[in-house]
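Student: One structure is given below, represented as structure tokens, and several questions about it will come after.
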Amino acid sequence: MALARNKMRSFLTALGIIIGVGAVIAMASIGQGAKVAVEKQFNSLGTNLLFVRPGSRSFRGRHGGSGTYANLMPEDAIAIEEKCDAVQYVSPNVSGRAQVVFRNKNWNTSLQGVGDKYPEVRNWEIEDGVFFDENMVKSSQKVCVLGSEVNENLFEGEDAIGQIIRIKKIPFRVIGVLKARGESGWFNRDDMICMPYTTAQRRLLGIKHIQSIDVSAASMSETAAAQEQIEELMRIRHKIAPGAEDDFNVRNWSEIAEGAAESTETMTLLLAGIAFVSLIVGGIGIMNIMLVSVTERIREIGIRMSVGAREKDILFQFLTEAIVLSLLGGVLGIGVGIAGSRLISRIFASPALIPIFWVAIAFCVSASIGVIFGFFPAWKASRLDPIEALRYE
Amino acid sequence: MENNNLIQLENLIKIYKIGETQVRALDGLSYSIKEGDLVAIMGPSGSGKSTLMNIIGCLDKPTEGKYLLDGQEVSTLDKNKLARIRNKKIGFVFQTFNLLARTTALENTELPLLYSDVSAKKAKELALHSLSEVGLKGRELHRTNQLSGGEQQRVAIARSLVNNPSVLLADEPTGNLDSKTGKEIIAIFKKLNEEKNITIILVTHDQNVAQIAHRRIHLLDGQIVKEEHV
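Residue numbers (my numbering), protein chains in the order written: chain A, 2 to 394; chain B, 100 to 329.
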């Protein structure tokens, strides 16, 4: 009850812990939510997906501009589809950005030059109209399929099918609109336009190579086999000597998904680590206040000793006060953290999951902080001499 | 058992070291006090009054000599055992009351029982009884800052009695009170001694306080120089 007597002081002492724990919980929730969302998003795209990119593994398949890694060719994609048994479909990719104009509206968006099997490979359905077919790709026709965001911004509810839009001043006919897929945290997947990759190469980007190949394996269980077959084929095609580094890399979706999940986990750990530091600061705060408190209560300690309190009684009393303070702070902090993570997730439209693991850790840590940082002041208090203590002004 | 003295002091010597110098606060003091005695200790500053009280009250140990309380030699006990004895056998009343701030009279009175094996319910009972003995019935739930000086000292007395001590020690109990209130407090001591046969030792400058004692001893330079019987 000594704590209740000085509510303001107790609250300020616990504040450091409350903020520290709150921060840990909020960060961990957001991180956890992000991880799960990333996993979900990746899973929704199917796990029989493979990507062939130029450059060796160690470059993680980064797209340079055109000309940086110009060693993937459309013929590679065709060969993969024909020769690898475990492969179902392929879609060669090139991309860029451009201003797109319809009547008096324009919109800067991402251009995706893809193959005719793109919707099948990517598991992406058409909302309206049709996707382009083999022939359109062969003859590099100037047709395009809009992502739902571009459709909304250029046509605002009007029917886009059959209309002519200008991409880099070149007229294209809209033949389809893709289903909306929603944002995935950092970018809007519906903010793009698809066209045959041949058209993009020749008319918009002026390149002969392709930037990546999307591959779908015949089934999830054949993904590993598909990866092997592609790698073997590509080594032959690109004349890679045995033992030499590949000039391409093949990654499957689950690897990428794992990688992404790992990096969000690392991010979570980092954030939570920072928050933990603030928890330590909170613990130091408790120690400071407890030390001050001991000094202010020297008289009180003397009185208690004079009526029979032993050293261990005083030690126990002050240690308990410190632990109660930090536990209370921990519980309140968990509440603040949960509320905070809900608020942040609403503002940034990113999901937040309350991780029981972190709540338990934060609880244990705040109790330990009470014990560790409260011990020294409590020990000091118990060592006071009663006569000196009673004389203290 | 050679005698039935409650308190037996044999050749007490207490030496303090202040820097390089040694101060002999008590210089071979011997005395005995029987149960039911009311003794006043008087003397100028530095005569050793407080030191003597601290030793009798088991807050301190003599450098040399023996102190027997209730037949038990306490001069050689360790800190923890001394604390036990303070809890069970000794009651203190101080000049500055020494109550816990922001605490009720009841809680203050219960304090010694907190450190003994008495249940919370029993402790409350004993405390309430003790408070009514000193005339504070009805004021139990007032906090320290809501009590006058005289009332605070009464609470202190109630606290000192709550564990049924062998001896009650009071160091200048009226020092911070006006003369009227001081007389009330003195009357309480007298009543406790006469009606309940509680052994009381008072340190005082105040003649009014010394009046009620059966015996008065005068200290000078750590020794008893005069003893008066009433």
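Here a beta-carbon is modelled for each residue, glycine too, at the ideal position from N, C-alpha and C. All values reported here derive from a predicted model rather than from experimental measurement.
#1: Specify the secondary structure class of N7/A as computed by DSSP and reduced to three states.
#2: Does the distance from the C-beta atom of N253/A to that of G56/A stay below 8 Å?
#3: Taking DSSP as the reference, what is the three-state secondary structure of C365/A?
#4: By a C-beta neighbour count over all protein chains shown, 10 Å radius and 16 as the cutoff for buried, is C85/A buried or exposed?
#5: Could you tell me whether any Cβ in chain A is nearer than 8 Å to the Cβ of P211/B?
#6: Starting from D177/B, find everything on chain A with Cβ-Cβ shorter than 8 Å and list it in chain order.
#7: Pop quiz: L225/B and L246/B are said to be a contact at Cβ under 8 Å. What is the actual Cβ separation, rounded to whole angstroms?
#8: Taking Cβ positions, are A182/B and A310/A nearer each other than 8 Å?
#9: What is the DSSP secondary structure of V1/A, reduced to helix, strand or coil?
#10: Could you say which of E327/B, H328/B and G321/B lies nearest to S129/B if we only look at CA atoms?
#11: Mind checking the stretch 220-249 of chain B against chain A and listing, in chain order, the residues whose C-beta falls within less than 9 Å of any C-beta there?
#12: Check distances from the C-beta atoms of the stretch 303-321 of chain A to those of chain B and list, in chain order, the residues that come in under 9 Å.
#13: R183/B touches chain A at which residues, Cβ-Cβ below 8 Å?
#14: Along the alpha helix (DSSP H) that carries Y119/A, what are the first and last residues, could you check?
#15: Would you say P387/A faces chain B, with C-beta separation under 8 Å as the test?
#16: By the DSSP assignment, the alpha helix (DSSP H) with I251/B in it spans what residues?
#17: How many whole angstroms separate the CB atoms of W108/A and V101/A, which I take to be in contact at a CB cut-off of 8 Å?
#18: Please report the straight-line C-alpha distance between D192/A and Y119/A, rounded to a whole angstrom.
#19: Give the secondary structure of Y214/B by DSSP, where H, G and I count as helix, E and B as strand, and everything else as coil.
#20: Quick check on the DSSP output: what are the complete beta strand (DSSP E) runs of length 3 or more inside the stretch 279-365 of chain A, in order along the chain?
#21: State the beta-bridge partners of P93/A as determined by DSSP.
#22: Buried or exposed: which applies to L13/A, given that a residue is buried once 16 or more other Cβ atoms fall within 10 Å of its Cβ?
#23: Starting from the Cα of I285/B, find the closest Cα among E294/B, K133/B and T273/B and give me that residue.
#24: Measure the C-alpha to C-alpha separation of H372/B and E283/B and round it to an integer number of angstroms.
#25: Taking the C-alpha atoms as reference points, what is the distance between R384/A and V39/A?
#26: Among the candidates K143/A, T110/A and G148/A, whose CA atom is the shortest distance from the CA of W125/A?
#27: Am I right that D76/B and H313/B are in contact with their C-beta atoms under 8 Å? What's the rounded C-beta distance?
#28: Between the C-alpha atoms of A382/A and T321/A, what's the straight-line distance to the nearest angstrom?
#29: Please report the distance separating the alpha-carbon of E223/A from that of I162/A.
#30: With a cut-off of 8 Å, does the C-beta of L199/B fall near any C-beta of chain A?
#31: Closest by CA to I176/A, which one among Y198/A, Q142/A, Q202/A and A201/A?
#32: DSSP on M28/A, reduced to helix/strand/coil?
#33: Ends of the alpha helix (DSSP H) at G281/B?
#34: Using a cut-off of 7 Å between C-beta atoms, extract the partners of E301/A located in chain B.
#35: Closer than 7 Å by beta-carbon distance: list the chain A residues that pair up with D159/B, in chain order.
#36: In terms of residues, what are the limits of the beta strand (DSSP E) holding H313/B?
Tutor: Taking the geometry as given:
#1: Reading the first sequence from its first residue, position 6 is the one you call residue 7/A. The answer is coil: DSSP assigns N7/A none of H, G, I, E or B.
#2: Counting from 1 along the first sequence, the entry for residue 253/A is found at position 252. Counting from 1 along the first sequence, the entry for residue 56/A is found at position 55. No, the pair does not count as a contact, with Cβ atoms beyond the cut-off.
#3: Indexing the first sequence from 1 puts residue 365/A at position 364. Residue state, collapsed to three classes: helix.
#4: As a working note, residue 85/A is residue 84 in the first sequence. Buried.
#5: The count along the second sequence starts at 1 and reaches residue 211/B at position 112. Output row for P211/B: interface = yes.
#6: Translated into the one-based positions of the second sequence, residue 177/B becomes position 78. Correct list: empty, because the minimum Cβ distance to chain A is about 10 Å.
#7: Residue 225/B sits at position 126 when you count from the first residue of the second sequence. Residue 246/B sits at position 147 when you count from the first residue of the second sequence. At roughly 20 Å, the Cβ-Cβ gap does not stay under 8 Å, so L225/B and L246/B are not in contact.
#8: Here residue 182/B is taken as the residue at index 83 of the second sequence, counted from 1. Here residue 310/A is taken as the residue at index 309 of the first sequence, counted from 1. Taking 8 Å as the Cβ cut-off, A182/B and A310/A qualify as a contacting pair.
#9: The structure shown has nothing for residue 1/A, since chain A only spans 2 to 394.
#10: By one-based count along the second sequence, residue 129/B stands at place 30. Selected option, being the one with the closest Cα: G321/B.
#11: none
#12: G303, I304, R305, M306, S307, V308, G309, A310, R311, E312, K313 and D314
#13: As a position in the second sequence, residue 183/B is number 84, starting the count at 1. Within 8 Å Cβ-Cβ: G309 and R311.
#14: The sequence position of residue 119/A within the first sequence is 118, counting from 1. Y119 to R123 is the extent of the alpha helix (DSSP H) around Y119/A.
#15: Taking the first residue of the first sequence as 1, we reach residue 387/A at position 386. So, interface residue.
#16: Working through the second sequence from its first residue, we reach residue 251/B at position 152. Note on identity: in this sequence residue 251/B is Gln, with Ile being the wrong assignment. G248 to L260 is the span of the alpha helix (DSSP H), which, as asked, contains Q251/B.
#17: Sequence index remark: in the first sequence, residue 108/A carries index 107 (1-based). Sequence index remark: in the first sequence, residue 101/A carries index 100 (1-based). Between V101/A and W108/A the Cβ distance is about 5 Å, and since that is below 8 Å, they are a contact.
#18: As a first step, residue 192/A must be located in the first sequence, where it is residue number 191. As a first step, residue 119/A must be located in the first sequence, where it is residue number 118. Cα-Cα distance, rounded: 16 Å.
#19: Position 115 of the second sequence, counted from the first residue, corresponds to residue 214/B. In this structure, Y214/B counts as coil in the three-state DSSP scheme.
#20: none
#21: In the first sequence, residue 93/A corresponds to position 92, counting from 1. According to DSSP, which records beta bridges pairwise, P93/A is partnered with I214/A.
#22: For the purposes of this step, residue 13/A is taken as the residue at position 12 of the first sequence. Under this definition L13/A is an exposed residue.
#23: Counting from one through the second sequence, the residue named residue 285/B turns up at place 186. The residue with the shortest Cα to Cα distance from I285/B is T273/B.
#24: Residue 372/B is absent from the structure shown; chain B starts at 100 and stops at 329.
#25: Your numbering for residue 384/A matches position 383 in the first sequence. Your numbering for residue 39/A matches position 38 in the first sequence. Their Cα atoms are separated by approximately 56 Å.
#26: Counting from 1 along the first sequence, the entry for residue 125/A is found at position 124. Considering only alpha carbons, the answer is G148/A.
#27: No information on residue 76/B is available, as it lies outside the stretch 100 to 329 that chain B covers here.
#28: By 1-based counting over the first sequence, the position of residue 382/A is 381. By 1-based counting over the first sequence, the position of residue 321/A is 320. Distance between the alpha carbons of A382/A and T321/A is about 13 Å.
#29: Counted from its first residue, the first sequence places residue 223/A at position 222. Counted from its first residue, the first sequence places residue 162/A at position 161. Cα to Cα, E223/A sits roughly 38 Å from I162/A.
#30: Taking the first residue of the second sequence as 1, we reach residue 199/B at position 100. Judged by the 8 Å Cβ criterion, L199/B is in contact with chain A.
#31: Translated into the one-based positions of the first sequence, residue 176/A becomes position 175. Closest by alpha carbon: Q142/A.
#32: Taking the first sequence and counting its residues from 1, the one referred to as residue 28/A is at position 27. Three-state DSSP puts M28/A in a helix.
#33: In the second sequence, counting from the first residue as 1, residue 281/B sits at position 182. S278 to K295 is the span of the alpha helix (DSSP H), which, as asked, contains G281/B.
#34: The residue given as residue 301/A occupies position 300 in the first sequence. Those within 7 Å of E301/A in chain B are L199.
#35: Locating residue 159/B in the second sequence gives position 60, counting from the first residue. Near D159/B (Cβ distances below 7 Å), the residues of chain A are I388.
#36: Counted from its first residue, the second sequence places residue 313/B at position 214. Counting along the chain, H313/B falls outside any beta strand (DSSP E), and DSSP gives it neither H nor E.
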